[in-house]
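Written below as structure tokens is the structure these notes are about.
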Amino acid sequence: MKEAMLYQKLDNGRVQCNLCAHRCKINPGKRGICGVRENQGGTLVTLVYGKSISAAVDPIEKKPLYHYLPGTSAFSIATVGCNFRCAFCQNADISQAPKESRDLGRWARDLPPERVVHLAEAYQCASIAYTYTEPTVFFEYAYDTAVIATQHGLKNIFVTNGYMTPEALDTIGENLHAANVDLKSFRDEFYRKICGGRLQPVLDSIRKMHEMGVWVEVTTLVIPGHNDGDDEFKGIAEFLVSVDPDIPWHLSRFVPHYKMRDVPSTPVSTLHRAAEIGYDAGLHYVYVGNVPGDQYEHTRCPRCGETVIYRIGYNVRLNLKGQNCPKCGSRLAIVI
Numbered sequence: 009m010k011e012a013m014l015y016q017k018l019d020n021g022r023v024q025c026n027l028c029a030h031r032c033k034i035n036p037g038k039r040g041i042c043g044v045r046e047n048q049g050g051t052l053v054t055l056v057y058g059k060s061i062s063a064a065v066d067p068i069e070k071k072p073l074y075h076y077l078p079g080t081s082a083f084s085i086a087t088v089g090c091n092f093r094c095a096f097c098q099n100a101d102i103s104q105a106p107k108e109s110r111d112l113g114r115w116a117r118d119l120p121p122e123r124v125v126h127l128a129e130a131y132q133c134a135s136i137a138y139t140y141t142e143p144t145v146f147f148e149y150a151y152d153t154a155v156i157a158t159q160h161g162l163k164n165i166f167v168t169n170g171y172m173t174p175e176a177l178d179t180i181g182e183n184l185h186a187a188n189v190d191l192k193s194f195r196d197e198f199y200r201k202i203c204g205g206r207l208q209p210v211l212d213s214i215r216k217m218h219e220m221g222v223w224v225e226v227t228t229l230v231i232p233g234h235n236d237g238d239d240e241f242k243g244i245a246e247f248l249v250s251v252d253p254d255i256p257w258h259l260s261r262f263v264p265h266y267k268m269r270d271v272p273s274t275p276v277s278t279l280h281r282a283a284e285i286g287y288d289a290g291l292h293y294v295y296v297g298n299v300p301g302d303q304y305e306h307t308r309c310p311r312c313g314e315t316v317i318y319r320i321g322y323n324v325r326l327n328l329k330g331q332n333c334p335k336c337g338s339r340l341a342i343v344i
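With the numbering used here applied, the sequence shown corresponds to residues 9 to 344, in that order.
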């Protein structure tokens, strides 16, 4: 156990956690919504520091990040816990584990920050991704790892629901280099009913990350009957354009899972319609995910249409001159 960062002491032994937008007020002996931060006698502690539930080498495209270090590998880590309760979660077995048992150590193995960085280097990864669950809830672990990783020349990536506070982003600061943010819907009702959160903090995080110089890509899992309306697609696309039209938008195909097994998979035609809405709104890069071989997997130059990155699943072939289009010479929004 380790004392938490970003919390304040209140009256009667209570504490307030200021890592995520829930800003939980926690009584002595109780835990926050995430289930991994506990008030122990007026001190907030993290129960998952250095306790990895998963560690793997992934293609960076799996995050998904298509415009940041394409073709490289990311060493990916996670702990149990999440500050959301999404009914469609693809990793519910680990994200919701603290709601099943208070004994969090039963699933994890010790993997301290120094060891994470050593393994990332040993496997010749260009980056470390804090992913699978929600990095905000294991912030202290991610932060300490990220600081060491930066010192070793590795990049740090959050795959996140974006529900962190501005204070959390300011704290990790220059040690966060890229992020894929799940923008699950453009309706607050969806967030409240299906995820257990609110929309506005996610929008604020996307904008703030971009202002900080973090490379940002955004993913929307398109769920039939829940967030697949044209107005919703248009709202998300227009918001992203207002931040930066170069932000890549990933439209991911839903497959039945967790508490939404009765919902059908997303028709590919819906994803294509959403992609066209994104382009019509002014986005330069829109992708369809979970459909290997789809026409919207490739990266094309916004100016001349030349294919500059070919993809089939996680197989990647670059057709670039540095960061420029080989045909028209335009500088592209890609970090090599």
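Yeah, the Cβ is synthetic: ideal placement off N, Cα and C, and Gly gets one too.
The structure presented is a predicted model; accordingly, all values stated were derived computationally and were not measured.
Take residue i and list the residues in its own chain whose beta-carbon comes closer than 6 Å to its own, dropping the five residues that flank it on each side.
{"i": "residue 92", "result": "169, 203, 204 and 205"}
{"i": "residue 215", "result": "251"}
{"i": "residue 220", "result": "none"}
Closer than 8 Å by C-beta to residue i: which residues in its own chain qualify, once you throw out the five before and the five after it? Chain order, please.
{"i": "residue 125", "result": "136, 153, 156, 157, 160 and 162"}
{"i": "residue 223", "result": "73, 75, 76, 185, 186, 187 and 343"}
{"i": "residue 183", "result": "151, 154, 155, 157, 158 and 164"}
So does residue i have its beta carbon nearer than 6 Å to some heavy atom of the ligand MG?
{"i": "residue 77", "result": "For the structure depicted, the ligand MG is absent and the ligand set is empty, with no information on it obtainable."}
So for residue i, helix, strand or coil by DSSP?
{"i": "residue 285", "result": "helix"}
{"i": "residue 172", "result": "strand"}
{"i": "residue 62", "result": "strand"}
{"i": "residue 302", "result": "coil"}
{"i": "residue 203", "result": "helix"}
{"i": "residue 229", "result": "strand"}
{"i": "residue 150", "result": "helix"}
{"i": "residue 37", "result": "coil"}
{"i": "residue 334", "result": "coil"}
{"i": "residue 29", "result": "coil"}
{"i": "residue 101", "result": "helix"}
Would you tell me roughly how many angstroms separate the C-alpha atoms of residue i and residue j, rounded to the nearest one?
{"i": "residue 209", "j": "residue 311", "result": "33 Å"}
{"i": "residue 331", "j": "residue 295", "result": "19 Å"}
{"i": "residue 217", "j": "residue 254", "result": "14 Å"}
{"i": "residue 9", "j": "residue 54", "result": "6 Å"}
{"i": "residue 128", "j": "residue 65", "result": "8 Å"}
{"i": "residue 196", "j": "residue 333", "result": "39 Å"}
{"i": "residue 167", "j": "residue 27", "result": "16 Å"}
{"i": "residue 278", "j": "residue 90", "result": "29 Å"}
{"i": "residue 193", "j": "residue 94", "result": "12 Å"}
{"i": "residue 121", "j": "residue 41", "result": "25 Å"}
{"i": "residue 79", "j": "residue 321", "result": "12 Å"}
{"i": "residue 325", "j": "residue 247", "result": "31 Å"}
Less than 7 Å between C-beta atoms, sequence neighbours within five positions excluded: which residues of the same chain meet that for residue i?
{"i": "residue 18", "result": "24 and 33"}
{"i": "residue 282", "result": "230, 241 and 259"}
{"i": "residue 48", "result": "none"}
Does the Cβ of residue i have 16 or more other Cβ atoms within 10 Å, making it buried, or fewer, making it exposed?
{"i": "residue 336", "result": "exposed"}
{"i": "residue 272", "result": "exposed"}
{"i": "residue 240", "result": "buried"}
{"i": "residue 31", "result": "exposed"}
{"i": "residue 143", "result": "buried"}
{"i": "residue 84", "result": "buried"}
{"i": "residue 329", "result": "exposed"}
Over what stretch of residues does the beta strand (DSSP E) that includes residue i continue unbroken?
{"i": "residue 326", "result": "323 to 326"}
{"i": "residue 53", "result": "51 to 54"}
{"i": "residue 259", "result": "257 to 261"}
What are the boundary residues of the alpha helix (DSSP H) that residue i is part of?
{"i": "residue 243", "result": "238 to 251"}
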